[in-house]
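Take 282 as the starting number for the sequence shown in our numbering and just add one per residue.
What follows is a single structure, written as structure tokens, with notes after it.
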Amino acid sequence: MLPQSNRISELSPLYARWVLVVLSLVAVVGGVASWNRGKLPVRDVAPVEAAVAETPDAVAPDLQLYRDMVDAVRRGENYYVAAKPKLIASGFPVRSTFNWRLPTYAWLFALLPGPWAIQALLVLLAVVALVLHFQAEFSARGMAAAVVSSFLLLGVVKWSVDGLAFYTQELWASVLILLSIAAMGKGWQVVAIIAGITALMFRELALPFVFWAGVFAVYHRRWSEAFAWAAGITLFVAFLYWHSQQVAAQLTPADLATNGGGISQWLKFGGLDFVLLTARMNSFLFTAIGPVLFLYLLLGLLGLLSLRDERLNLQFVAAASYLAAFCLVGMEVNFYWGLLYAPLLPAGIAAAGGSLSLLWDRAHAPAAANQE
Numbered sequence: 282m283l284p285q286s287n288r289i290s291e292l293s294p295l296y297a298r299w300v301l302v303v304l305s306l307v308a309v310v311g312g313v314a315s316w317n318r319g320k321l322p323v324r325d326v327a328p329v330e331a332a333v334a335e336t337p338d339a340v341a342p343d344l345q346l347y348r349d350m351v352d353a354v355r356r357g358e359n360y361y362v363a364a365k366p367k368l369i370a371s372g373f374p375v376r377s378t379f380n381w382r383l384p385t386y387a388w389l390f391a392l393l394p395g396p397w398a399i400q401a402l403l404v405l406l407a408v409v410a411l412v413l414h415f416q417a418e419f420s421a422r423g424m425a426a427a428v429v430s431s432f433l434l435l436g437v438v439k440w441s442v443d444g445l446a447f448y449t450q451e452l453w454a455s456v457l458i459l460l461s462i463a464a465m466g467k468g469w470q471v472v473a474i475i476a477g478i479t480a481l482m483f484r485e486l487a488l489p490f491v492f493w494a495g496v497f498a499v500y501h502r503r504w505s506e507a508f509a510w511a512a513g514i515t516l517f518v519a520f521l522y523w524h525s526q527q528v529a530a531q532l533t534p535a536d537l538a539t540n541g542g543g544i545s546q547w548l549k550f551g552g553l554d555f556v557l558l559t560a561r562m563n564s565f566l567f568t569a570i571g572p573v574l575f576l577y578l579l580l581g582l583l584g585l586l587s588l589r590d591e592r593l594n595l596q597f598v599a600a601a602s603y604l605a606a607f608c609l610v611g612m613e614v615n616f617y618w619g620l621l622y623a624p625l626l627p628a629g630i631a632a633a634g635g636s637l638s639l640l641w642d643r644a645h646a647p648a649a650a651n652q653e
């Protein structure tokens with residue numbers, strides 16, 4: 282195990298006391314403010330959770346739509362021609378390009394022999410990602426961190442064996458982000474880039490992670506890696522533009538004249554309430570009360586930030602970006618978007634205990650302890 286520098290060890294006792302006070306206040310105030318917040322939607326069942334049901338009538342509209350689209354593409358139908366009537370029949374607006382999912386999932390899944398193969402591929406990717414993560418954490422931080430973080434990650438990848446949840450693009454992006462992070466920990470940058478860009482091609486919501494991965498590569502002057510991330514983002518932008526043109530070709534003046542369905546439908550300013558709701562996408566927290574969700578987020582971010590470790594710091598910036606964005610965007614039923622940052626936090630939770638212990642020790646150290 283390599284020695285890891287902790288930013289908290291660099292604090293003077295006075296600053297450590299201030300940090301401890303502020304952190305305690307944030308925990309208490311946030312915990313109180315989180316009471317009765319982040320409740321699961323009552324009107325509709327979230328797509329991933331609805332997938333647990335085995336009867337067709339109980340399948341959420343999203344999952345039914347994805348399954349139908351895969352079947353349509355497998356039959357040789359054009360994705361966009363098939364998507365419009367199915368979107369309308371499922372009650373989804375068609376005016377906004379973002380209501381039309383990128384066709385990546387349908388194209389890929391249609392190549393596989395059936396639903397069992399789709400799920401098997403996802404489970405295989407999840408297992409590989411977990412194994413690589415465990416190895417990387419064990420090498421960097423020891424057995425305890427590897428066990429704790431890997432156990433918590435089981436709560437994320439668990440959705441891959443829940444009914445029809447394997448059709449959701451968010452889950453595929455989540456597993457691919459986990460694979461990308463784990464590959465970084467092993468020093469396999471090519472695998473990390475391929476996994477990250479593939480996640481982006483599945484779901485545009487993976488962009489914050491991919492963007493920050495590129496920024497970190499630039500900051501550390503790894504120019505070849507930075508170019509690869511930039512090329513991947515450029516390819517995605519071109520793909521998204523092409524996608525928007527295909528969507529536009531399917532829309533009639535009547536479709537464009539309909540009210541609703543624009544970008545504003547997701548601008549809900551849900552704040553803490555929606556952020557806590559997204560945290561439930563670690564299945565271990567699915568039924569947790571608001572204060573537990575808040576403390577999980579707080580400790581996860583603290584652990585990621587406290588260590589001087591590029592990979593953990595990337596996870597911190599990406600996770601913080603998602604949480605900030607979800608304060609502004611996302612409907613209540615979109616809480617499964619939390620899958621995008623769910624694989625980023627467990628490593629922080631594993632590091633949080635040691636960081637808090639060190640903070641306590643620094644805060645109670647004699648003032649002269651910081652003087653050379």
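Glycine is no exception: its CB is placed at the ideal position from the N, C-alpha and C atoms.
Note that the coordinates shown come from a computational prediction; the quantities given were computed from them, not determined experimentally.
In this structure, R376 lies near G543, with their beta-carbon atoms less than 8 Å apart. Distance from the CA of V437 to the CA of L609, rounded to the nearest whole angstrom, comes to 24 Å. Shown here for R592: same chain residues with a beta carbon closer than 7 Å to its own, the five before and five after excluded, namely I462, M465, G466 in chain order. Considered as a whole, the stretch 540-578 harbours 552-560 as its complete alpha helix (DSSP H) runs of no fewer than 4 residues, in chain order. Y500 counts as exposed, since fewer than 16 other beta carbons sit within 10 angstroms of its beta carbon. In this structure, A646 sits away from P396, with a CB-CB distance that is not shorter than 8 Å. Between the stretch 599-606 and the stretch 615-623 there are three or more C-beta pairs closer than 8 Å, enough to call the two in contact. Between the alpha carbons of V518 and Q527 lies a distance of about 14 Å. Taking C-beta separations shorter than 8 Å and ignoring five residues to either side along the sequence, the partners of W388 in its chain run V354, Y360, following chain order.
Taking all protein chains in view, the Cβ of V598 is crowded by 16 or more other Cβ atoms within 10 Å, so the residue is classified as buried. Taking 8 Å as the cut-off, the beta carbon of I514 is found closer than this to the beta carbon of G495. In the three-state DSSP reduction, N359 falls in the coil class, being neither helix nor strand. Taking the C-beta atoms as reference points, A297 is found nearer than 8 Å to A644.
Secondary structure note for D642: its alpha helix (DSSP H) is the uninterrupted segment 627-644. In this structure, E418 is the residue among E418, Y448, G423, L445 with its C-alpha nearest to the C-alpha of L434. In this structure M350 is buried. Its beta-carbon is surrounded by 16 or more other beta-carbon atoms within 10 angstroms.
Apart from sequence neighbours up to five positions away, the residues of its chain that approach A364 with a beta-carbon distance below 7 Å are M350, W381, ordered along the chain. About 11 Å separates the beta carbons of S636 and G581, which is beyond the 8 Å limit, so they are not a contact pair. Apart from the 5 residues on each side of it in sequence, G312 sits with its Cβ closer than 7 Å to the Cβ of P572, F575, L576 in its chain, given in chain order.
Considering only L304, L306, L321, R288, the residue with the shortest C-alpha distance to A560 is L321. A straight-line Cα-Cα distance of about 14 Å links V429 and A421. The criterion of a C-beta distance shorter than 8 Å is not satisfied by R318 and L548. For L411, same chain residues with a beta-carbon under 7 Å away, outside a window of 5 residues either side, are S431, L434, V438 in chain order. In this structure, the alpha-carbon of F616 lies about 6 Å from that of L558. Contact between L406 and L460 holds: CB atoms are separated by about 6 Å, below the 8 Å threshold. W453 is not a Cβ neighbour of L595, given a cutoff of 8 Å.
Within the same chain, L639, R643 come within 8 Å of S290 by CB-CB distance, once the 5 residues on both sides are set aside.
In the structure shown, V610 falls within a strand segment according to DSSP collapsed to helix, strand and coil.
In the DSSP secondary-structure assignment, N380 is not bridged to any residue. A314 has its alpha-carbon roughly 16 Å from the corresponding atom of V303. L393 sits in coil when the DSSP states are folded into three classes, being neither helix nor strand. Residue nearest to S286 within the set G629, L588, L625 is L588 (criterion: CA-CA distance). In the structure shown, L588 falls within a strand segment according to DSSP collapsed to helix, strand and coil. About 12 Å separates the beta carbon of A425 from that of F415, a gap too long to meet the 8 Å contact definition. In the same chain as A507, and ignoring 5 residues on each side of it, the C-beta atoms closer than 7 Å to its own belong to G495, A498, V499, in chain order. Boundaries cannot be given for P647, as no alpha helix (DSSP H) includes it and DSSP labels it neither H nor E.
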